[in-house]
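Asker: Counting in UniProt numbering, the sequence shown runs from 1 upward without gaps. Below are the structure tokens for one structure; questions will follow.
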Amino acid sequence: MKHESPIKRRESRRIMVGNVPVGGGAPIAVQSMTNTDTCDVEATVGQIQALQAAGADIVRVSVPSMDAAEAFGRIRERVSVPLVSDIHFDYKIALRVAELGVDCLRINPGNIGRDDRVSAVISAARDRDIPIRIGVNAGSLEKSLQRKYGEPTPEALVESAMRHIDILDRHDFQDFKVSLKASDVFMTVAAYRQIASQIEQPLHLGITEAGGFRSGTVKSSVGLGMLLMEGIGDTIRVSLAADPVQEIKVGFDILKSLRLRSRGINFIACPSCSRQNFDVIQTMNDLEARLDDVNTSMDVAIIGCIVNGPGEAKEADLGLTGGSPKNLLYMDGKPNQKLDNASLTDDLERLIREEIEKRKKQEEAVIARSAD
């Protein structure tokens, strides 16, 4: 089931967030944000490492004070994933984290104050090749825009973004990305559609304050899915009132469903019915938990009966079709062996891991031959 995505990506300028390319046709980056106290270095480092293990390409850290900036420097020394600092209003914090090795500044230039302060931040970013992220949020629009529009609208979000962009343009600074987030799906989608045709810079997507794990996942999947289908978006964050690690997992699942990224196992599983010859739901829950550490891309079909089972199993790298008295396993589209229900999950995990190891060795051999 290896097919290229039919989505034609929006052309955008490429920037570098640390060693991660963003825009310009680069893979869509998945990011999250720490929710620990930044001054608690141990807790924040631990959470960043957990996010990185889950696949995060970029992690954002809030830096609300100079004490947090100093803590950020100690955090920066202990993690390898690119870090974005989230800063509001205080330009001195931005200057300090730039010195301490931040990979991207999330700071709206229009909120910094006097032009000399804006110039200082932009100069620091330029000198150190640090991109800036302009982040517009429907919940914190400028008062003048609130008066002009009466309420948050897509047009208000875009106008806010363009005000900040104009400041960067006046300083001839083009290495930035933009986000325009609202908790309303329609508003967010409309705003991104509008700005996508007005600037060349990469766009960071998100439905802000989307909700808890279930409702936030649904809302983000709908909103981000609509934009991604149109080729809009260069980085994404799924904002959930949940463990940030879940944001990374959901983000990759969204991209996998659109064939825009492949990381870990892509499970194809039936919802189960009375025809099932094994407990599909329990088997899936167990496999997802056991194989959560797998980064290798692989399609695995788990189908409970012979109605749709053979068709799905033949298209997957590894597929299981429920049968009586035993279930039939397919490997690379061909019947391979039969598996008992009694040890089904153990056998499937073992066979999947064996296939992954085989693929890794094949890839290493190809790399070795190409190096000779």
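For every residue, glycine included, the Cβ atom is placed at its ideal position computed from N, Cα and C.
Since T321 is in the beta strand (DSSP E), which residue starts that stretch and which ends it?
Answerer: 318 to 321
Asker: Kindly indicate which residue of I75, D90, M226 has the alpha-carbon position closest to the one of L83.
Answerer: I75
Asker: Indicate the three-state DSSP secondary structure (helix, strand or coil) for P244 in the structure shown.
Answerer: helix
Asker: Using a Cβ-Cβ cut-off of 7 Å, state whether R74 counts as contacting chain B.
Answerer: Absent from the structure is chain B; it holds one protein chain and no more.
Asker: Output yes or no for whether 7 Å exceeds the beta carbon distance between A161 and V185.
Answerer: no
Asker: Check whether the stretch 101 to 117 and the stretch 133 to 153 are in contact - that is, three or more C-beta pairs closer than 8 Å.
Answerer: Three or more beta-carbon pairs drawn from the stretch 101 to 117 and the stretch 133 to 153 are found closer than 8 Å, and the two stretches are therefore classed as touching.
Asker: Based on DSSP bridge pairs, tell me the residues matched to K334.
Answerer: M331
Asker: Within its chain, find whatever has a CB closer than 7 Å to the CB of D299; leave out the 5 residues flanking it on each side and keep chain order.
Answerer: M1, N266, I268, A316, D317
Asker: S32 by DSSP, collapsed to three states: which one?
Answerer: strand
Asker: For a minimum of 4 consecutive residues, which ranges assigned as the alpha helix (DSSP H) are wholly contained in the stretch 157 to 228?
Answerer: Here the runs fully enclosed are 185 to 196.
Asker: Report, in whole angstroms, the separation of the C-beta atoms of C250 and M226, which I expect to be a contact under 8 Å.
Answerer: The sequence as given places Val at residue 250; Cys does not occur at that position. About 16 Å separates the two Cβ atoms, so there is no contact after all.
Asker: Taking only the alpha-carbon atoms, compute the straight-line gap between H171 and L141 and give it to the nearest angstrom.
Answerer: 23 Å
Asker: So, are the CB atoms of I167 and L205 less than 7 Å apart?
Answerer: no
Asker: Near R359, what residues of its chain come up, given a Cβ to Cβ distance below 7 Å and the 5 sequence neighbours on each side ignored?
Answerer: T296
Asker: For T283, which of helix, strand or coil comes out of DSSP?
Answerer: helix
Asker: Specify, as a first and last residue, the run of the alpha helix (DSSP H) that P271 falls within.
Answerer: Premise fails: P271 is in no alpha helix (DSSP H) and is neither H nor E.
Asker: Contact check, R9 vs Q174 under 8 Å by CB: the rounded distance?
Answerer: Between Q174 and R9 the Cβ distance is about 20 Å, and since that is not below 8 Å, they are no contact.
Asker: Taking the beta strand (DSSP E) that G46 falls in, what are its first and last residues?
Answerer: Not the beta strand (DSSP E): G46 falls in the alpha helix (DSSP H), residues 41 to 54.
Asker: Out of curiosity, what's the CA-to-CA distance linking N137 and S272?
Answerer: 42 Å
Asker: On the criterion of 16 or more Cβ atoms from any shown chain inside 10 Å, does N19 qualify as buried, or is it exposed?
Answerer: Flag for N19 reads exposed.
Asker: Can you tell me which of Y149, T321, L240 puts its alpha carbon nearest to the alpha carbon of V280?
Answerer: T321
Asker: Does A54 pass the burial test, meaning 16 or more other C-beta atoms within 10 Å, or should it be called exposed?
Answerer: buried
Asker: With distances taken from CA atoms, which of A56, V63, L95, E4 is nearest S80?
Answerer: A56
Asker: Please classify K338 as buried or exposed, where buried requires at least 16 other C-beta atoms within 10 Å of its C-beta.
Answerer: exposed
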